[in-house]
Structures are given as structure tokens and as C-alpha cells.
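Asks: The sequence shown: position 148 = 148 (the numbering used here), numbered continuously.
Sharing a structure, written as C-alpha cells. Questions coming.
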Amino acid sequence: MTLEPTGRVIPTPTGYDLVLTRTYRAPADDVWASVTEPERAARWFGPWRGQAAPGSTVEVQLAFEESAPWCPLRIEACEPPRRLAVSMEDEAGSWSMELLLAESDGTTELRLVQHLASTEHLGETGPGWEYYLDMLTAARTGGPRPDFEDYYPAQKAYFESLA
């Protein structure tokens with residue numbers, strides 16, 4: 001697992017993109033299944049329920065957050081196995097994200113992109129996404145789950161330096 005932060009911030013015409021990347025020795029279809037099939041997504045992020053389709057809203061449980069809340073998640077775009085764009089709102093604010101997959105020679109790169117209006121909360125957000133992506137890696141490999149305390153506050157200064 002990656003305990004060194006991998007995130008980077010890219011300015012965009014409407015704000016910033018926080019981009020984190022992981023690479024898997026697997027076809028894109030298999031990595032796609034890890035992030036979209038309810039039983040596989042539950043292993044690293046949380047279960048979801050509802051009719052998933054572009055323009056629809058499903059409920060996702062943030063199973064590894066305090067109190068494990070259920071939140072509405074709108075599917076903005078779904079282009080298997082290359083792109084999933086979603087948005088949601090919770091007590092922490094509004095979230096607009098994409099998962100982008102690119103396969104080459106049996107290896108798939110997964111990029112998580114969070115679209116941000118500002119860099120104000122990078123110190124909290126970045127370590128969280130590093131943790132969740134390492135949770136995905138652990139779920140895919142059968143390895144031990146990471147401990148959030150290894151990410152936050154340890155990576156906070158790194159992400160704040162990207163602002």
C-alpha cells in the first residue's frame with residue numbers, strides 16, 4: 001500500500017482537480033467491477049442500493065466513516081469500463097468526482113479526480129482519498145486493511161502544501 005501521498009492538484013478553468021492514482025495488474029473490466037459492483041464496492045468503500053444508471057441517484061453507505069451514514073449519490077456519467085462520474089452532498093459539503101480507468105498491456109491505471117471549487121480543505125480530503133484507494137488495493141489483493149491514523153493527520157501538511 002502507498003503510505004506516501006500520491007495526490008496532486010491541477011488548476012482548471014472552474015477551480016482545481018485533486019488527482020490520485022493507483023495501478024493494478026488487472027484488466028480494466030476487473031478494476032471497474034471492484035468500484036461498481038455493490039458487493040465488491042462494499043469491501044473498500046461501502047455498499048450501495050438503488051437502480052444505477054446515468055442521471056439516477058443511488059444510496060451509498062460510507063461504511064468506514066464514523067456512524068457509517070447513508071448518502072445519496074448521483075450518477076452523472078457511466079461509461080464502462082473507462083469513466084464513472086458522480087456527485088453527492090453530505091455534512092462535509094458537495095462532492096464532484098470521477099473515476100477514470102486506462103488499460104495498457106494488462107495493467108490498469110485508476111485515477112480518482114475530485115473537482116474542487118477551492119483548495120481550502122485539501123489537508124483533510126487528500127488523506128481520506130489516499131486511505132480509500134489503499135482500502136481498494138487491500139480489497140483487491142486480500143491484504144490487510146490500512147489504518148486511517150496512518151493517513152491523517154500524517155499526510156495533512158503534504159496536501160496543504162499543494163494549495
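Glycine included, C-beta positions come from ideal geometry on N, C-alpha and C.
Keep in mind it's a predicted model, so treat the numbers as computed, not measured.
CA-CA distance, residue 21 and residue 126?
Replies: Residue 21 and residue 126 have their C-alpha atoms roughly 12 angstroms apart.
Asks: Looking at the secondary structure, which residues open and close the beta strand (DSSP E) in which residue 70 lies?
Replies: 70–79
Asks: Indicate the three-state DSSP secondary structure (helix, strand or coil) for residue 132 in the structure shown.
Replies: Three-state DSSP puts residue 132 in a helix.
Asks: Please list the terminal residues of the continuous beta strand (DSSP E) segment that includes residue 95.
Replies: 93–104
Asks: Under a Cβ-count criterion, where at least 16 other Cβ atoms within 10 Å of its own Cβ denotes burial, should residue 28 be classed as buried or exposed?
Replies: buried
Asks: According to DSSP, is residue 56 part of a helix, a strand, or is it coil?
Replies: In the three-state DSSP reduction, residue 56 falls in the coil class, being neither helix nor strand.
Asks: Quick check on the burial criterion: 16 or more other C-beta atoms within 10 angstroms. Buried or exposed for residue 11?
Replies: exposed
Asks: From this set, 79, 44, 62 and 117, which residue's C-alpha is nearest residue 71's C-alpha?
Replies: 62
Asks: Quick one, which of 137, 14 and 69 has its alpha-carbon nearest residue 108's?
Replies: For residue 108, the closest of 137, 14 and 69 by C-alpha to C-alpha distance is 137.
Asks: Spatial neighbours of residue 50 within its chain, please: C-beta separation below 8 angstroms, excluding the five flanking residues on both sides.
Replies: 56, 57, 58 and 59
Asks: Is it true that the CB of residue 19 sits closer than 7 angstroms to the CB of residue 162?
Replies: no
Asks: May I ask you to verify whether the region 91–103 touches the region 112–120, counting CB pairs closer than 8 angstroms and requiring at least 3?
Replies: Enough Cβ pairs lie closer than 8 angstroms, so yes.
Asks: Can you tell me whether residue 134 is buried or exposed? The criterion is at least 16 other CB atoms within 10 Å of its CB, across all chains shown.
Replies: buried
Asks: Alpha carbon to alpha carbon, how far is residue 36 from residue 77? Give it in angstroms, no decimals.
Replies: 13 angstroms
Asks: Can you tell me which of 6, 13 and 38 puts its alpha carbon nearest to the alpha carbon of residue 23?
Replies: Put simply, of 6, 13 and 38 the residue whose alpha carbon is nearest the alpha carbon of residue 23 is 6.
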